[in-house]
Amino acid sequence: MKKLTRSHFIFLSVPIILMGLFAYSIGVPFLDLMELKTIDARFESRKKIETRSDVVLAVIDEKSIAKEGKWMWPRSKMADLVTRLSHAGAKVIAFDIGFLEPDDKRIVEVINNIQSTLHSLNSEEIQFLHHLKNTTDNDKALADSIKNSSAKIVLGYFFQNDIKALEHTDSKDIQIHQKNILNSRYQFERYSSQEAKNIELLEQVIPQSNIKEISDAASLSGYFNFFPDEDGAVRWLHTVLKFKETLYAPLSLVTVSAFLDGPLSINIDEYGVQNIQVGNLSIPTDEEGRVLINYRGEEKSFPHISVTDILRGDVPQNKLKNKIVIIGATAIGIYDLRVTPFGSVFPGIEIHANIVDSILAEDFLHKPKWSAIFDVLAILLAGIFLGIVLPRVEVIPGVLAGILVFMGYILFCQFLFTTHGIVLNLVYPLSVTMLIYVSITAFRYFMETKKKRFIKNAFSTYLAPTVVNQLLESPGNLELGGEERDITAFFSDVQGFT
1 MKKLTRSHFI FLSVPIILMG LFAYSIGVPF LDLMELKTID ARFESRKKIE
51 TRSDVVLAVI DEKSIAKEGK WMWPRSKMAD LVTRLSHAGA KVIAFDIGFL
101 EPDDKRIVEV INNIQSTLHS LNSEEIQFLH HLKNTTDNDK ALADSIKNSS
151 AKIVLGYFFQ NDIKALEHTD SKDIQIHQKN ILNSRYQFER YSSQEAKNIE
201 LLEQVIPQSN IKEISDAASL SGYFNFFPDE DGAVRWLHTV LKFKETLYAP
251 LSLVTVSAFL DGPLSINIDE YGVQNIQVGN LSIPTDEEGR VLINYRGEEK
301 SFPHISVTDI LRGDVPQNKL KNKIVIIGAT AIGIYDLRVT PFGSVFPGIE
351 IHANIVDSIL AEDFLHKPKW SAIFDVLAIL LAGIFLGIVL PRVEVIPGVL
401 AGILVFMGYI LFCQFLFTTH GIVLNLVYPL SVTMLIYVSI TAFRYFMETK
451 KKRFIKNAFS TYLAPTVVNQ LLESPGNLEL GGEERDITAF FSDVQGFT
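Numbered per our numbering, the sequence shown spans residues 1 to 498.
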């Protein structure tokens with residue numbers, strides 16, 4: 001048996017190792033999805049990360065709906081919210097809400113009709129109508145509050161990536177939308193070479209911007225698109241989207257840029273995006289410009305302040321002063337529901353908060369440039385180790401060796417994930433480990449069963465059953481030339497026996 005396994009373990013191990021390397025190089029969708037699930041498990045195994053005090057969420061929750069009325073509210077209420085946050089000393093106000101259509105302007109239209117119909121109005125009456133129009137134009141009220149705010153305002157918008165959207169949008173509207181989002185461009189695009197400028201990035205079809213009046217009032221904006229994985233979970237932030245040869249930044253990055261007063265820069269080489277910079281702060285990305293979101297924990301990892309409490313002046317100023325305030329909805333039926341590693345009910349506003357917090361803490365999850373080499377070495381070494389050890393040991397030591405490799409690698413990857421934010425591949429090395437273990441174990445079982453059957457068939461008619469059973473229990477005892485032993489021979493005489 002020993003000779004047999006030494007000559008056959010390469011036959012068993014090498015094809016599995018090569019198959020694992022090939023699968024890793026091309027990417028098997030099912031295994032890649034399983035890898036994403038292991039990332040979810042790593043999040044759940046890691047304890048909650050304490051969040052910074054810089055980020056608070058102003059939420060439109062059930063309490064706000066009950067006290068302020070059903071959504072959507074008039075823009076005048078949002079204008080009041082901006083004014084109150086500004087007076088409380090908020091440093092940055094970011095909207096996880098889009099103002100994509102004009103507010104109800106029927107009252108303004110009535111006033112305009114009165115002015116055009118009545119020509120004999122005195123100056124006081126004209127002034128009164130102007131005042132009435134200004135106070136009932138909710139879009140203007142919000143735009144004015146944004147202009148007058150001491151806080152930096154970051155508006156949110158989104159891109160449509162469905163080509164069918166072009167059928168219902170003319171070129172003039174596209175130009176208007178494009179102009180409205182120019183303040184979310186990267187300030188600096190740095191390319192290592194002319195070839196780097198030809199790198200393909202995620203191209204978008206049409207931006208859906210805020211209305212012009214509100215867009216013009218704000219100096220900053222960012223898209224709030226997320227692109228879920230195949231299982232619907234949001235794990236990645238796309239730090240750059242491309243529209244008509246211009247590169248745009250997401251809401252979270254623009255918010256951090258405003259908070260740190262640092263320009264947004266993107267560095268691209270021939271292989272793709274190298275990193276993103278906010279001032280002197282560097283954010284590692286993959287070649288597509290993606291960042292694995294470092295979730296701090298479950299829902300409500302950040303302070304929630306009900307919008308109605310802010311509107312009614314019930315929030316202490318120190319809870320808002322010098323903070324990043326992200327405004328969004330959490331009330332059932334109106335909020336942006338997302339699937340994350342922590343469950344299927346996760347408000348989109350909290351994803352933005354997680355991204356902002358991890359960037360400010362410079363606490364990133366990333367795959368280092370050497371991670372691909374490490375993954376390949378892990379597949380090779382795990383396969384070779386088991387391929388050499390398993391054929392040479394008995395069943396129990398073999399099981400222990402398999403568990404040692406399997407669990408040891410899991411714990412090692414979890415350690416790097418928790419302490420250094422390094423993400424290594426788990427599924428491919430572990431798949432190779434399992435396949436080699438199962439293959440060698442099955443092969444050994446097959447060969448031992450075959451040998452026992454041969455012994456039983458060959459000797460059961462010549463030897464006593466007890467001797468045959470001894471041979472079956474220890475087939476290695478069956479050797480040509482017999483067996484040498486030191487023994488004691490006992491001779492005796494039996495009285496009366498001849």
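Ideal Cβ positions, reconstructed from N, Cα and C, are used throughout, including at glycine.
On the three-pair Cβ rule with 8 Å, is the region 351 to 359 touching the region 242 to 249?
-> no
Give the single residue among Val438, Ser431 and Ala489 whose Cα lies nearest to the Cα of Val28.
-> For this step, residue 28 is matched to residue 28 along the sequence shown. Nearest C-alpha to Val28: Ser431.
To which residues does DSSP link Pro207 through a beta bridge?
-> The count along the sequence shown starts at 1 and reaches residue 207 at position 207. Per DSSP, Phe159.
Would Trp370 be called buried (16 or more neighbouring beta carbons within 10 Å of its own) or exposed?
-> Indexing the sequence shown from 1 puts residue 370 at position 370. Exposed is the call here.
Confirm, please, whether the CB-CB distance from Arg290 to Trp236 is below 8 Å.
-> The residue given as residue 236 occupies position 236 in the sequence shown. The residue given as residue 290 occupies position 290 in the sequence shown. Yes. Within cutoff.
Could you pull the start and end residues of the alpha helix (DSSP H) that Lys242 belongs to?
-> Residue numbering aside, residue 242 sits at position 242 when the sequence shown is read from its first letter. Looking at the DSSP string, Lys242 is not in any alpha helix (DSSP H); the run it does join, the beta strand (DSSP E), is Leu241 to Phe243.
Taking Asp269 as part of the alpha helix (DSSP H), name the residues at either end of that continuous run.
-> Here residue 269 refers to the residue found at position 269 of the sequence shown. Looking at the DSSP string, Asp269 is not in any alpha helix (DSSP H); the run it does join, the beta strand (DSSP E), is Leu264 to Asp269.
Tell me whether Gln187 sits in a helix, a strand or coil according to DSSP, three-state version.
-> Your numbering for residue 187 matches position 187 in the sequence shown. Reduced to three states, the DSSP call for Gln187 is coil.
Reduced DSSP secondary structure (H/G/I, E/B, other) of Leu152 | Position 152 of the sequence shown, counting from 1, holds the residue named residue 152. Here residue 152 is Lys; the residue named in the question, Leu, does not match the sequence. Reduced to three states, the DSSP call for Lys152 is strand.
Between the region 257 to 271 and the region 187 to 199, do three or more beta carbon pairs fall short of 8 Å?
-> yes
Reducing DSSP to helix, strand and coil, say where Phe385 ends up.
-> Reading the sequence shown from its first residue, position 385 is the one you call residue 385. Phe385 falls in the helix class under three-state DSSP.
Using the C-alpha atoms, what's the distance from Asn280 back to Gly222?
-> As a working mapping, residue 222 is identified with position 222 in the sequence shown. As a working mapping, residue 280 is identified with position 280 in the sequence shown. About 20 Å.
Compute the beta-carbon to beta-carbon distance between Phe385 and Val405, rounded to the nearest angstrom, for a pair I have assumed lies under 8 Å.
-> Numbered from 1 along the sequence shown, position 385 holds the residue referred to as residue 385. Numbered from 1 along the sequence shown, position 405 holds the residue referred to as residue 405. Right, their Cβ atoms sit about 6 Å apart.
Secondary structure at Gly421, three-state DSSP: helix, strand or coil?
-> Position 421 of the sequence shown, counted from the start, is the residue given in the question as residue 421. Three-state result, Gly421: coil.
Could you spell out where the beta strand (DSSP E) holding Asn275 opens and where it closes?
-> Taking the first residue of the sequence shown as 1, we reach residue 275 at position 275. Where Asn275 is concerned, the enclosing beta strand (DSSP E) stretches over Gly272 to Val278.
Run through DSSP, which three-state label would Ile379 get?
-> Your numbering for residue 379 matches position 379 in the sequence shown. In the structure shown, Ile379 sits in a helix (DSSP, three-state: H, G or I).
For Met78, does the count of other Cβ atoms within 10 angstroms reach 16, so buried, or fall short, so exposed?
-> On the sequence shown, residue 78 is found 78 positions in, with the first residue counted as 1. So Met78 counts as buried.
Run through DSSP, which three-state label would Ser53 get?
-> Numbered from its first residue, the sequence shown carries residue 53 at position 53. Ser53 falls in the coil class under three-state DSSP.
Could you tell me whether the Cβ atoms of Leu253 and Val273 are closer together than 8 Å?
-> Residue mapping note: residue 253 aligns to position 253 of the sequence shown, counting from 1. Residue mapping note: residue 273 aligns to position 273 of the sequence shown, counting from 1. The answer is no: Cβ separation not under 8 Å.
Secondary structure, beta strand (DSSP E): runs of 3+ residues fully inside the region 294 to 371 = 304 to 306, 324 to 329, 337 to 340 and 343 to 347
Please work out which residues of its chain come closer than 6 Å, Cβ to Cβ, to Thr5, disregarding the five sequence neighbours upstream and downstream, and give them in chain order.
-> The residue you call residue 5 lines up with position 5 of the sequence shown. Summary for Thr5: the model assigns pLDDT 48, below 50, so the residue's position carries little reliability; its value from the coordinates is reported in the next sentence. So the list reads Pro391, once near-sequence residues are dropped.
Note down, in chain order, each residue of its chain lying with its Cβ closer than 7 Å to the Cβ of Ser439, except the 5 sequence neighbours on either side.
-> For this step, residue 439 is matched to residue 439 along the sequence shown. Excluding positions up to five away in sequence, the list reads Leu12 and Ile16.
Using a Cβ-Cβ cut-off of 8 Å (strictly less than) and excluding sequence neighbours within five positions of Tyr409, which residues of its own chain qualify?
-> In the sequence shown, counting from the first residue as 1, residue 409 sits at position 409. Counting only Cβ-Cβ distances below 8 Å, and skipping sequence neighbours, we find Ala378, Ala382, Leu426, Pro429, Leu430 and Thr433.
DSSP-derived helix/strand/coil call for Glu59 | Numbered from its first residue, the sequence shown carries residue 59 at position 59. The question names Glu, but residue 59 is Val in the sequence shown. Of the three classes helix, strand and coil, the one that applies to Val59 here is strand, per DSSP.
Could you pull the start and end residues of the beta strand (DSSP E) that Ser221 belongs to?
-> For the purposes of this step, residue 221 is identified with residue 221 of the sequence shown, where counting begins at 1. Run containing Ser221: Leu220 to Tyr223, per the beta strand (DSSP E) assignment.
Cα-Cα separation between Leu365 and Ile39, rounded to whole angstroms | Within the sequence shown, residue 365 is the residue found at index 365, counting from 1. Within the sequence shown, residue 39 is the residue found at index 39, counting from 1. The alpha-carbon atoms of Leu365 and Ile39 are separated by roughly 11 Å.
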